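Heads up, the thing below is written out as structure tokens.
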Amino acid sequence: MNDLFNKQVFEIINMIPKGRVTSYGAIAKAVGYPNHARHVGNALRNYDEDFPAHRVCNASGRITASCIRDFVGKLGKEGVEVKDGKIQNFKKVFWNPLEEL
């Protein structure tokens, strides 16, 4: 994708509240590319240490990033429980940018 897409993806991720998560697909829909969840994941290959990439998972609540241990730790500090790579109470902690922005 292009720089504008990546910029919009990063802006949305920065808006996810602590203790909440969203999916790659929800972000893709919010930026106007509903079938481009994989591109959202690709945009997240490079980010700053303090960027909240840990708040993004797949549509079933699984953490698919290669740094799963780090993400689980960060989510735990925010009160999000993760068991075997899956976010517990996913529907309860899910943040939908199309509904909440």
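If you count by the numbering used here, then the sequence shown holds residues 340 to 440, one letter each, in order.
For every residue, glycine included, the Cβ atom is placed at its ideal position computed from N, Cα and C.
Remember, it's a predicted structure, so these values are computed and weren't measured experimentally.
* Between which two residues does the alpha helix (DSSP H) harbouring Pro436 extend? -> Counting from one through the sequence shown, the residue named residue 436 turns up at place 97. Unbroken alpha helix (DSSP H) run through Pro436: Pro436 to Glu439.
* To do: Closer than 6 Å by C-beta to Ala376: which residues in its own chain qualify, once you throw out the five before and the five after it? Chain order, please.
  => Translated into the one-based positions of the sequence shown, residue 376 becomes position 37. Excluding residues within five positions, the ones whose Cβ falls inside 6 Å are Tyr363, Gly364 and Ala367.
* To do: Have a look at the DSSP bridge pairing and note the partners of Lys422.
  => Taking the first residue of the sequence shown as 1, we reach residue 422 at position 83. DSSP output for Lys422 lists Lys425 as bridge partner(s).
* Could you name the residues that DSSP lists as bridge partners for Cys396? => As a working note, residue 396 is residue 57 in the sequence shown. Answer is Ser362, bridged to Cys396.
* To do: Could you tell me if Pro373 is buried or exposed, where buried requires 16 or more neighbouring beta carbons within 10 angstroms of its beta carbon?
  => Mapped onto the sequence shown, residue 373 falls at position 34. Classification for Pro373: exposed.
* Asked: From what residue to what residue does the alpha helix (DSSP H) around Val348 run?
  -> On the sequence shown, position 9 is the one that residue 348 refers to. Looking at the DSSP string, the run of the alpha helix (DSSP H) that includes Val348 is Asp342 to Met354.
* Rounded to whole angstroms, how far is the Cβ of Val395 from the Cβ of Ile352, which I believe are closer than 8 Å? -> On the sequence shown, residue 395 is found 56 positions in, with the first residue counted as 1. On the sequence shown, residue 352 is found 13 positions in, with the first residue counted as 1. Yes, they are in contact, since the Cβ atoms of Val395 and Ile352 sit about 6 Å apart, within 8 Å.
* Spatial distance of Lys357 from Arg401 (CA atoms) -> As a first step, residue 357 must be located in the sequence shown, where it is residue number 18. As a first step, residue 401 must be located in the sequence shown, where it is residue number 62. Cα to Cα, Lys357 sits roughly 18 Å from Arg401.
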